[in-house]
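Residue 108 in UniProt numbering sits at position 108 of the sequence shown, with consecutive numbering throughout.
Report on one structure; see the data block that follows.
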Amino acid sequence: MANKREPSLSHQWLVDPTPLPADIPEVEEIGATSAPLKSAAFFIGDRCGAYNDDFMLCKEQSKSGEVECLKEGRRVTRCASSVIADLNKNCAESFRLHWQCLDNNNHELFKCRKAETLLNSCVFKSLGLEKKIPNGEQIHLKEKPLYRPNIEDRPSLKAYELAKKEGTL
Numbered sequence: 001m002a003n004k005r006e007p008s009l010s011h012q013w014l015v016d017p018t019p020l021p022a023d024i025p026e027v028e029e030i031g032a033t034s035a036p037l038k039s040a041a042f043f044i045g046d047r048c049g050a051y052n053d054d055f056m057l058c059k060e061q062s063k064s065g066e067v068e069c070l071k072e073g074r075r076v077t078r079c080a081s082s083v084i085a086d087l088n089k090n091c092a093e094s095f096r097l098h099w100q101c102l103d104n105n106n107h108e109l110f111k112c113r114k115a116e117t118l119l120n121s122c123v124f125k126s127l128g129l130e131k132k133i134p135n136g137e138q139i140h141l142k143e144k145p146l147y148r149p150n151i152e153d154r155p156s157l158k159a160y161e162l163a164k165k166e167g168t169l
């Protein structure tokens with residue numbers, strides 16, 4: 001015979017009041033949602049690759065998990081924040097166009113290739129960063145990709161055609 005009891009769910013925050021050690025520097029959070037982070041991901045990888053590799057190596061070598069690697073993790077966060085800040089400073093319009101396209105199209109990159117082309121061009125000219133897909137074909141450079149959107153993102157298409165007409169691509 002089963003006991004009848006009311007279900008309950010505890011909604012309490014568990015916060016560790018212990019401060020971080022003094023040798024681990026304070027870092028502000030990036031403060032971006034998933035769409036801007038996905039839009040900037042390849043550029044973060046290009047600029048912050050060495051920091052990412054150090055962090056992953058530390059995680060792999062440490063026995064107690066990620067606690068020993070907080071310093072390396074902070075470096076990754078600081079580098080990613082600098083990339084986002086530079087994108088907002090130098091390529092704000094094309095960056096916003098691309099991440100809004102991703103946000104409106106279920107984060108599927110193939111639906112935002114026009115906006116991506118504009119962003120890649122601006123970032124390369126302004127920051128010298130390049131989108132490189134590691135160990136794979138550079139699909140964003142294909143003239144006739146296998147997967148194409150049924151309906152193009154209108155703001156991206158307009159901006160792409162304008163840039164092509166002006167010769168800025």
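All C-beta atoms, glycine included, are put in the ideal place defined by N, C-alpha and C.
Unbroken alpha helix (DSSP H) run spanning residue i, endpoints
i	result
I24	No alpha helix (DSSP H) contains I24, which DSSP labels as neither H nor E.
A32	Unbroken run through A32: none, as it is neither H nor E.
V123	113-127
N88	70-90
E161	154-166
Cβ-heavy atom distance, residue i to the ligand MN, below 7 Å
i	result
D54	For the ligand MN, the structure offers nothing, since it holds no ligand at all.
Beta-carbon spacing of residue i, residue j below 8 Å
i	j	result
residue 170	S121	There is no way to answer for residue 170, as the model of the chain reaches only from 1 to 169.
L109	A40	no
P36	W99	yes
I24	K71	yes
Supposed contact pair residue j and residue i - C-beta distance, whole angstroms, cut 8 Å
i	j	result
G31	F55	Wrong, their Cβ atoms sit about 20 Å apart, outside the cutoff.
residue 182	V123	With the chain running from 1 to 169 in the structure shown, residue 182 is simply not present.
C101	D153	5 Å
C112	N106	Actually they are not in contact, since the Cβ atoms of C112 and N106 sit about 10 Å apart, beyond 8 Å.
A92	A159	No, A92 and A159 are not in contact; Cβ-Cβ is about 13 Å, not under 8 Å.
L118	P155	Not really, about 11 Å apart at Cβ, beyond 8 Å.
A163	L169	5 Å
Exercise for the section: Count the C-beta pairs between the stretch 74-84 and the stretch 36-54 that are closer than 8 Å, then say yes if the count reaches three, no if not. Expected result: yes
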